[in-house]
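Position 180, counted from 1, in the sequence shown is what our numbering calls 180; the numbers after and before it change by one each time, with no gaps. Built from N, CA and C at the ideal position, the CB exists for glycine as well. Computed from a prediction, not measured in an experiment: that's the story for all the values here.
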Amino acid sequence: MVAPAEHEIAWHPGDRTALRVWLLGVPAFAAYPQAGQRRDHRGPDEDHTGTTSAVDAPIDRIWPTRSYALDRASLRRVRSEAFTYLTILGWPGDVVAAVEVLARLADNAIRHARPADKADARLDVLLAVTEDDALRIDVTDPSPAFPDSEAAVHGKKGRGLRQVRLLGADVTWSLAEDGRSKTVRARMVPGEVPV
């Protein structure tokens, strides 16, 4: 592979550092398969016409899955790395809003999915940009439980997912094929965040 010099890609020193971090973290040859069959948990009253499912949208650029300890101390690292990788991915949308969406999803996982015995649980984060420039944010946690999921996803219960929706994200969730974990997905499109 032939690549231009880093100063031709990244103008600012901080962007060059982010580029170096990303390059060092990516294997030379990598394949990122799509997730297995997922079940869409949107409500029956939600309009499915005219929207592209984030599952079906072809992925253009991806930040490979990163794993974090399922505790509050991880939130700072999640935020910091998300800023870096969203910059590297070149998502044209509101990066600050996207990082806040990710932080709220991660915080929800920490609050609601941590095992009672406080075992060494992890949460996984995947960021991807689709060919139509939509951002896909996946947060996977070790708990399949999602009480009152419909109310939560539609912002009618709790504050976390309500704020995620107010920041412009469309939220869905799915169980893993083995039924042992769940993934909460936020999909954001570039443009103004609704107020």
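Name the one or two DSSP bridge partners that residue i has.
| i | result |
| --- | --- |
| alanine 69 | Arg122 |
| arginine 185 | Asp138 and Thr172 |
| alanine 113 | DSSP output for alanine 113 lists no bridge partner at all. |
| tryptophan 63 | Leu127 |
Taking only the alpha-carbon atoms, compute the straight-line gap between residue i and residue j and give it to the nearest angstrom.
| i | j | result |
| --- | --- | --- |
| threonine 183 | arginine 79 | 18 Å |
| arginine 61 | tryptophan 91 | 9 Å |
| proline 64 | valine 129 | 12 Å |
| glycine 93 | alanine 186 | 14 Å |
| proline 144 | proline 190 | 31 Å |
| tyrosine 68 | aspartate 178 | 21 Å |
| alanine 89 | aspartate 15 | One detail in the question is off: residue 89 reads as leucine in this sequence, not alanine. Their Cα atoms are separated by approximately 11 Å. |
| isoleucine 59 | threonine 172 | 18 Å |
| glutamate 131 | threonine 84 | 20 Å |
| arginine 111 | serine 174 | 18 Å |
Would you grab the beta carbon distance between residue i and residue j for me? Rounded to a whole angstrom, and I think it's under 8 Å.
| i | j | result |
| --- | --- | --- |
| leucine 127 | leucine 86 | 7 Å |
| arginine 66 | valine 125 | 5 Å |
One question on the structure: do residue i and residue j come within less than 7 Å of each other, judged by their Cβ atoms?
| i | j | result |
| --- | --- | --- |
| arginine 141 | leucine 123 | Inspection of the sequence shows that residue 141 is occupied by aspartate rather than by arginine. Yes, these two residues count as a Cβ contact at 7 Å. |
| leucine 188 | alanine 169 | This sequence places methionine at residue 188; leucine is not what is there. Yes, Cβ-Cβ distance for methionine 188 and alanine 169 is below 7 Å. |
| valine 96 | alanine 82 | no |
| leucine 166 | valine 101 | no |
| alanine 103 | valine 139 | no |
* Looking at C-beta atoms only, is the number of pairs between the stretch 114-126 and the stretch 160-178 that lie closer than 8 Å three or more? -> no
**OP:** Could you tell me whether the stretch 130-137 touches the stretch 63-75, where touching means 3 or more Cβ pairs closer than 8 Å?
**Re:** no
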